[in-house]
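S.K.: Here it is, the structure in full.
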Amino acid sequence: MDFGRPMVCNPGVVAKSNIRLVSETYLGDDALDILVCQSSNDAAKDFFLGNDNHADGHTKKDTSSEPANDTPKHLSLVDHALYVEHHLPAPRPTIQPGDLVVVFESFHDLNFVYATPNEVFSNRNGHFPHNDFINKPFGCKIRSKNNNGLGFLYLLRPTPELWAKSLPHRTQIVHELDASMIVHYLNLIPNMVVCESGTGSGAMSHVILRSIAPRGKLHTYEFNKIRADKARIEFQGHGLGHLVEVHHRDVCGKKALLNRNQQETNQPFGSEEVETDEPKTQNAADDGKGGFQLGQSAAHAIFLDLPEPWLAVKHAAYTLKISGRICSYSPCMEQTQRTVVALKQYGFHSIQTVEARLKEYFVDEVEMEAPPTALPAVPTEETATLEKERHVAGGVLQKPEGEIIVETENQANKHQPGAKKRKLCARPFSQMRGHTAFLTFATAGRSTSRKPDTNSA
């Protein structure tokens, strides 16, 4: 995806300015030349260092007789070559071999392909060779090679939202509404370090990666080795491998808890086989004690998508920085209640639980009768009398013979229907997507300085 591409370095105005520290004899040995060089160095310090130049507010001359070791370290920052502008490259306009392409088949059907020469994508609309995709712009319409070209599809540029609708579901995913709430309440910004427990299908991982790019780091943890390996391959294929590290690890430490329970019941650990969907291969990096293994105060934010998130709260309190944010994604209220109790126990504050529901509106042009635009007439004594006679006569005005009653323009328009016009209107859909999950957010307080006890529940 485009947000994972390496940044482009271009020399900006500062880099082209050639401002730097020079020797006092750079222009010559003349006293005036030395004074000019000294003034130039002072101006360069003020430009790059600002108020940090000298604490007393006075400029100190940097003489060449001063030993190099006595030069303050921050003077090394006075160099134009250090200030190169970094920015994301422009999106690639065309599809290249190996690119991920989201295939729009219909409003509710999206698929994906990796553009590979001589491959063919087939669906109910026909056969579409990948050679027709390559060097075509994103968003273009492609006709099928069979069915007389009646079948068609659109080639879309991949985004985390489109990927979530087209990816192969290995587990339940976090949809775009909940994902936007999570990114907002976790205060994610570029270059952050974020931990995610419960990689699953990787939908939420892509949303986090877009928020912390271009120099952030996502540590995502998955206890199932097959899912972890597939997610690692997908991240590499999408050009996001340098932003994410996939760990095959159970952060809850259920093995340590199971070992403690076995010891309490005087049964040897492993005497009873526990059914899990994890392969029988043992990961050497997973010691079974849980935790994120990043050290203390290493992450700015943590996202938990686990069946028992309260078991990971103690490890999150150790890994999060002070005032770091945590989010727990739980479908059931019982899970949320136990998580809130654990958050309070380990020093989290500003705890809140929210539920997001999406109500969509259908927007279309509707033919409606235009409202009257004429101003109401000010009643006079004569018109008031006529209206009173009309009301008494049951809506029909009785007039004497030979008398002609002339109605005003407003009275004539009052009884005529207005012209119909087409207007853009919105109406809500009759159905609304149901409950997805409860999102519990909290802020880390002053965490303990020691590692959490892995033998405690």
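Heads up, the working numbering is the position in the sequence shown plus 206, with the first residue counted as 1.
We put the CB at the ideal spot given by N, CA and C, even for glycine.
Since this is a predicted model, take the numbers as computed values, not measurements.
Between Leu592 and the ligand ADP, is there a pair consisting of the residue's CB and a ligand heavy atom that are separated by less than 7 Å?
M.R.: Within the structure as shown, the ligand ADP is missing, as the structure has no ligands at all.
S.K.: Using alpha carbons as the reference points, say which of Met213, Ala650 and Gly640 lies closest to Arg421.
M.R.: Answer by Cα proximity: Met213.
S.K.: Given a cut-off of 8 Å, decide if Val572 and Lys629 are closer than it, judged by their beta-carbon atoms.
M.R.: For Lys629 and Val572, yes; Cβs fall inside 8 Å.
S.K.: If we call anything under 8 Å between Cβ atoms a contact, is Thr545 one with Ser534?
M.R.: Against a cut-off of 8 Å, the Cβ pair of Ser534 and Thr545 comes out as a contact.
S.K.: Taking all protein chains shown into account, decide if Asp511 is buried (16 or more other Cβ within 10 angstroms of its Cβ) or exposed.
M.R.: Classification for Asp511: buried.
S.K.: What are the boundary residues of the beta strand (DSSP E) that includes Pro335?
M.R.: First-last of the beta strand (DSSP E) with Pro335: Gly332 to Pro335.
S.K.: Return helix, strand or coil for Val319, following the three-state DSSP convention.
M.R.: Residue state, collapsed to three classes: strand.
S.K.: Provide the residue span of the beta strand (DSSP E) that contains Ile557, from first to last.
M.R.: Residues His555 to Val560.
S.K.: Does the beta-carbon of Pro303 have 16 or more other beta-carbons within 10 angstroms, so that it is buried, or is it exposed?
M.R.: That one is exposed.
S.K.: Can you tell me which of Phe635, Val308 and Leu241 puts its alpha carbon nearest to the alpha carbon of His444?
M.R.: Of the candidates Phe635, Val308 and Leu241, the one whose C-alpha sits nearest the C-alpha of His444 is Val308.
S.K.: Going by the CB atoms, is the gap between Thr642 and Ser536 shorter than 8 Å?
M.R.: Contact flag unset, no.
S.K.: What three-state label does DSSP hand Lys461 in the structure shown?
M.R.: Three-state result, Lys461: helix.
S.K.: Beta-carbon separation of Leu361 and Cys346 under 8 Å?
M.R.: Cβ atoms of Leu361 and Cys346: closer than 8 Å.
S.K.: May I ask you to report which of helix, strand or coil DSSP gives Asn354?
M.R.: The answer is helix: DSSP assigns Asn354 an H, G or I state.
S.K.: Would you grab the beta carbon distance between Gly406 and Cys458 for me? Rounded to a whole angstrom, and I think it's under 8 Å.
M.R.: In fact, because the Cβ distance is near 15 Å, the residues do not count as touching under 8 Å.
S.K.: Tell me the DSSP bridge mates of Leu362?
M.R.: In the DSSP output, where bridge partners are listed per residue, Leu362 has Val308.
S.K.: Starting from Leu241, follow the alpha helix (DSSP H) in both directions and report where the run begins and ends.
M.R.: Unbroken alpha helix (DSSP H) run through Leu241: Ala237 to Leu255.
S.K.: Three-state secondary structure (DSSP) at His412?
M.R.: The answer is helix: DSSP assigns His412 an H, G or I state.
S.K.: Leu281 by DSSP, collapsed to three states: which one?
M.R.: Residue state, collapsed to three classes: helix.
S.K.: Do the stretch 496-505 and the stretch 415-435 make contact, defined as three or more Cβ pairs closer than 8 Å?
M.R.: Cβ pair count under 8 Å is three or more, so yes.
S.K.: What residues are listed by DSSP as bridge partners for Cys533?
M.R.: Paired residue(s): Phe509 and Phe647.
S.K.: Return helix, strand or coil for Arg652, following the three-state DSSP convention.
M.R.: If DSSP states are grouped into helix, strand and coil, Arg652 belongs with coil.
S.K.: With a CB to CB cut of under 6 Å and the five nearest residues on each side skipped, what residues in its chain are close to Arg349?
M.R.: For Arg349, where only same-chain residues beyond five positions count, the Cβ hits under 6 Å are Gly355 and Phe358.
S.K.: Just the Cα atoms here: how many angstroms apart are Trp369 and Ser245?
M.R.: Each residue's Cα considered, the two are about 58 Å apart.
S.K.: Measuring alpha carbon to alpha carbon, tell me which residue in Glu575, Asn216 and Phe441 is nearest Glu199.
M.R.: The structure shown does not extend to residue 199, since the chain is modelled only from 207 to 663, so the question has no answer here.
S.K.: Give me the Cα-Cα distance between Ser229 and Tyr289, rounded to the nearest whole angstrom.
M.R.: Ser229 and Tyr289: Cα-Cα distance of roughly 21 Å.
S.K.: Out of Ser403, Ala409 and Tyr391, point me to the one whose CA is closest to His375's CA.
M.R.: Out of Ser403, Ala409 and Tyr391, Ala409 has the C-alpha closest to the C-alpha of His375.
S.K.: Does DSSP put Lys436 in a helix, in a strand, or in coil?
M.R.: Helix, per DSSP.
S.K.: At 3 residues or longer, what runs of the beta strand (DSSP E) sit wholly inside the stretch 377-404?
M.R.: Entirely contained in the stretch 377-404, the beta strand (DSSP E) runs reaching 3 residues are, in chain order, 399-403.
S.K.: For Ile225, which of helix, strand or coil comes out of DSSP?
M.R.: DSSP places Ile225 in coil when its eight states are reduced to three.
S.K.: By how many angstroms is the C-alpha of Phe644 removed from the C-alpha of Met539?
M.R.: Roughly 7 Å separates the two Cα atoms.
S.K.: Can you tell me whether DSSP reads Val220 as helix, strand or coil?
M.R.: The answer is helix: DSSP assigns Val220 an H, G or I state.
S.K.: Tell me the DSSP bridge mates of Phe568?
M.R.: According to DSSP, which records beta bridges pairwise, Phe568 is partnered with Arg633.
S.K.: What number of angstroms, rounded off, separates the C-alpha of Ser477 from the C-alpha of Lys461?
M.R.: Note that Ser477 has pLDDT 44, beneath the 50 cutoff, so the model's placement of it is unreliable and no number is given.
S.K.: Buried or exposed, going by whether 16 or more other CB atoms sit within 10 Å of the CB of His206?
M.R.: This structure leaves residue 206 out entirely; the chain is present only between 207 and 663.
S.K.: Among Leu517, Lys565, Lys251 and Lys527, which residue has its Cα nearest to the Cα of Thr542?
M.R.: The candidate whose alpha carbon is nearest that of Thr542 is Leu517.
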